[in-house]
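Residue numbers (this note's numbering): 761 to 1168.
A quick write-up on the structure given underneath.
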């Protein structure tokens, strides 16, 4: 066996960091952006998605994603319910790690991908519908795409690379969010004042902190690649935040905190697929482009087409993930991650990246459309008009974020 204790320590820490990104990071980030009367529902959407996707990951998701390849499209069911795996077994995809640890680490990726979509559906989706969508979307979108790229499927054989989830995580969740938002329709009250920007700041910090495990951990060991990936991730994050802030300042005369927070997440999403392949300069440029292009997508494209992606999941994660997967083919340096891009004289990587972006995009859009239509036919997607206007916290969960003080 090649089990490496130091690598296992780092990946266990990285797993905890990715868990922190979702619970409470993403939940707090989304909750702070939501109107006061639906904050708890938004937080519950993140927590519940993480839970149900983790459950199906253990039952069959890991096997479909990383089981023996079946026709390049899906994994076998050899690991159904994780049967036959011993505590001391090395992970087949990375034999320096314990198999259980690799499963645990990848579980957090699957769970946060589905949870990310919740931001597009807040304040108007039935909780029961969301749970069913989470199970179906994880099963029919995330697990196959993860296999295509990370589990030995057809895109990995074609040469498409994605270090930590630009395609597998951000493109799928972003496009899934866009399709779902279009099918759900707009909220009755489209103008939204965030409940608490301090919560958004805390959520941004937790997401940024957790991204060290998301990107650095994707090296699957503690190495120079892990260190480089973590370093360029932070560089892209603050460059994305600064770019968004200055764009607002120049165009709208005010540098907002929300703009900076959003730009940081845009920089993080954009660097994710390239983080293990690019150097410091590449990280700087990708962060700037991520902040700028996502700014255009959120401020101009969304307004132009009028879709209600409430918390800009598509504009930030979808656009950022696809952009980063493409820029990887430009800035990758072979001395960092054994992949060469255009600046290193290799023009051949661009085609597998484009094929990956297009194929994952078409598949995600098509399957998400079908899933939402099925769920709508079975139990309906939207809450009633009165429930939406009154708020989902009390109507669905029987709770309020803040209760009135008791008077004696």
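Note that the Cβ used here is the ideal one computed from N, Cα and C, for glycine as well.
Given the structure is predicted, the values throughout are model-derived calculations rather than measurements.
Name the residue from 1024, 993, 1012, 988 whose alpha carbon lies nearest to the alpha carbon of residue 1003.
-> One-based indexing of the chain shown puts residue 1003 at position 243. Taking only the C-alpha atoms, the option nearest residue 1003 is 1024.
Sorted by chain position, which residues of the same chain lie with C-beta nearer than 6 angstroms to residue 1028's C-beta, five sequence neighbours on each side aside?
-> For the purposes of this step, residue 1028 is taken as residue 268 along the chain shown, with counting starting at 1. The residues are 971, 997.
Under the DSSP definition of a beta bridge, which residues are partnered with residue 1142?
-> As a position in the chain shown, residue 1142 is number 382, starting the count at 1. BP columns for residue 1142 point to 885.
When you compare each of 1115, 920, 1096, 1112 to residue 991 by their alpha carbons, which one comes out closest?
-> In the chain shown, counting from the first residue as 1, residue 991 sits at position 231. Of 1115, 920, 1096, 1112, the residue nearest in Cα terms is 1096.
Are residue 975 and residue 924 touching if we call contact CB-CB under 7 angstroms?
-> Translated into the one-based positions of the chain shown, residue 975 becomes position 215. Translated into the one-based positions of the chain shown, residue 924 becomes position 164. The answer is yes: Cβ separation under 7 angstroms.
Report the three-state DSSP secondary structure of residue 828 (helix, strand or coil).
-> Numbered from 1 along the chain shown, position 68 holds the residue referred to as residue 828. In the structure shown, residue 828 sits in coil (DSSP, three-state: anything other than H, G, I, E or B).
Proximal residues to residue 1042 (C-beta, below 6 angstroms), its chain only, five neighbours per side dropped = Numbered from its first residue, the chain shown carries residue 1042 at position 282. Here the set comprises 1091.
If you draw a straight line from the alpha carbon of residue 926 to that of residue 904, how long is it in whole angstroms?
-> One-based indexing of the chain shown puts residue 926 at position 166. One-based indexing of the chain shown puts residue 904 at position 144. If I take the Cα positions, the gap works out to 15 angstroms.
Contact set for residue 1102: own chain, Cβ-Cβ below 6 angstroms, skip 5 residues either direction | Here the question's residue 1102 lines up with position 342 in the chain shown. Within the same chain, residue 1102 has close Cβ partners 1090.
Can you tell me which of the three DSSP states residue 1015 falls into?
-> On the chain shown, position 255 is the one that residue 1015 refers to. DSSP places residue 1015 in coil when its eight states are reduced to three.
Element boundaries [beta strand (DSSP E), containing residue 927] = Translated into the one-based positions of the chain shown, residue 927 becomes position 167. Element bounds for residue 927: n/a, residue is neither H nor E.
Figure out for me which residue from 871, 982, 890 has the closest Cα to the Cα of residue 771.
-> Taking the first residue of the chain shown as position 1, residue 771 is located at position 11. It is 982.
What separation, rounded to the nearest whole angstrom, lies between the Cα atoms of residue 868 and residue 778?
-> The residue you call residue 868 lines up with position 108 of the chain shown. The residue you call residue 778 lines up with position 18 of the chain shown. One Cα belongs to residue 868, the other to residue 778, and the distance between them is close to 6 angstroms.
Roughly how far, in whole angstroms, is the beta-carbon of residue 856 from the beta-carbon of residue 922, given that I think they are within contact range, below 8 angstroms?
-> The residue given as residue 856 occupies position 96 in the chain shown. The residue given as residue 922 occupies position 162 in the chain shown. Rounded, the Cβ-Cβ distance is 21 angstroms, inconsistent with contact.
Could you please give the first and the last residue of the uninterrupted alpha helix (DSSP H) stretch that includes residue 790?
-> For the purposes of this step, residue 790 is taken as residue 30 along the chain shown, with counting starting at 1. Counting along the chain, the alpha helix (DSSP H) containing residue 790 begins and ends at 787 to 793.
Okay, do the stretch 954 to 967 and the stretch 898 to 915 touch, 3+ Cβ pairs below 8 angstroms being the bar?
-> no
When you compare only the Cα positions, how much space is there between residue 780 and residue 1129?
-> As a position in the chain shown, residue 780 is number 20, starting the count at 1. As a position in the chain shown, residue 1129 is number 369, starting the count at 1. Spanning the two alpha carbons is a distance of roughly 30 angstroms.
Since I believe residue 1141 is in contact with residue 851 (beta carbons under 8 angstroms), could you give me their beta-carbon distance rounded to a whole number of angstroms?
-> Taking the first residue of the chain shown as 1, we reach residue 851 at position 91. Taking the first residue of the chain shown as 1, we reach residue 1141 at position 381. Actually they do not touch by this definition, with Cβ atoms about 38 angstroms apart.
Mapping DSSP to helix, strand and coil, what is residue 856?
-> Along the chain shown, one-based indexing puts residue 856 at 96. Here residue 856 sits in strand by DSSP.
CA nearest to the CA of residue 1111, picked from 842, 1085, 1094, 1127 | Here residue 1111 corresponds to residue number 351 of the chain shown, with the count starting at 1. For residue 1111, the nearest C-alpha among the options comes from 1085.
Under 7 angstroms between the Cβ atoms of residue 938 and residue 810?
-> Counting from one through the chain shown, the residue named residue 938 turns up at place 178. Counting from one through the chain shown, the residue named residue 810 turns up at place 50. No. Outside cutoff.
Would you check if the distance between the CB atom of residue 883 and the CB atom of residue 798 is smaller than 7 angstroms?
-> Translated into positions along the chain shown, residue 883 becomes position 123. Translated into positions along the chain shown, residue 798 becomes position 38. Against a cut-off of 7 angstroms, the Cβ pair of residue 798 and residue 883 comes out as a contact.
In chain order, what residues of the same chain have a beta carbon less than 6 angstroms from the beta carbon of residue 1082, not counting five sequence neighbours either side?
-> Position 322 of the chain shown, counted from the first residue, corresponds to residue 1082. Cβ neighbours of residue 1082 beyond the five flanking positions: 931, 1117.
Where DSSP assigns a beta bridge to residue 834, which residues make up the other side?
-> Along the chain shown, one-based indexing puts residue 834 at 74. Per DSSP, the beta-bridge partners of residue 834 are 830.
Residue burial classification, residue 879 (beta-carbon count within 10 angstroms, cutoff 16) = Against the chain shown, residue 879 aligns to sequence position 119. Residue 879 comes out buried.
Work out the CA separation of residue 834 and residue 1120 for me, nearest whole Å.
-> Looking up residue 1120 in the chain shown gives position 360. Looking up residue 834 in the chain shown gives position 74. Rounded to whole angstroms, residue 1120 to residue 834 spans 14 angstroms at the Cα level.
Residue 784 - DSSP class collapsed to helix/strand/coil | What you label residue 784 is simply residue 24 of the chain shown in a count that begins at 1. Helix, per DSSP.
Note the first and the last residue of the continuous alpha helix (DSSP H) segment covering residue 1217.
-> Only positions 761 to 1168 of the chain appear in the structure, and residue 1217 is not among them; the question remains open.
Cross-strand partners of residue 851 (DSSP beta bridge) = In the chain shown, residue 851 corresponds to position 91, counting from 1. Residue 851 is bridged to 854.
Counted within 10 angstroms of its Cβ, other Cβ atoms place residue 1069 as buried (16 or more) or exposed = Position 309 of the chain shown holds residue 1069. Per the 10 Å Cβ criterion, buried.
Compute the Euclidean distance between the alpha carbons of residue 1009 and residue 1016, then round it to the nearest angstrom.
-> Taking the chain shown and counting its residues from 1, the one referred to as residue 1009 is at position 249. Taking the chain shown and counting its residues from 1, the one referred to as residue 1016 is at position 256. So the two alpha carbons sit approximately 8 angstroms from each other.
Please work out which residues of its chain come closer than 8 angstroms, Cβ to Cβ, to residue 861, disregarding the five sequence neighbours upstream and downstream, and give them in chain order.
-> Residue 861 sits at position 101 when you count from the first residue of the chain shown. If we look at residue 861 and ignore the five residues flanking it on each side, its Cβ neighbours are 768, 771, 772, 775, 851.
Close Cβ partners of residue 864 (< 7 angstroms) along its chain, the five nearest in sequence each way excluded | As a position in the chain shown, residue 864 is number 104, starting the count at 1. 775, listed in sequence order.
Counted within 10 angstroms of its Cβ, other Cβ atoms place residue 945 as buried (16 or more) or exposed = For the purposes of this step, residue 945 is taken as residue 185 along the chain shown, with counting starting at 1. Within a 10 Å sphere around the beta-carbon of residue 945 sit fewer than 16 other beta-carbons, which makes this residue exposed.
Measuring CA to CA, which of 827, 836, 877 is closest to residue 808?
-> Numbered from its first residue, the chain shown carries residue 808 at position 48. Of the listed residues, the one whose Cα sits closest to residue 808 is 877.
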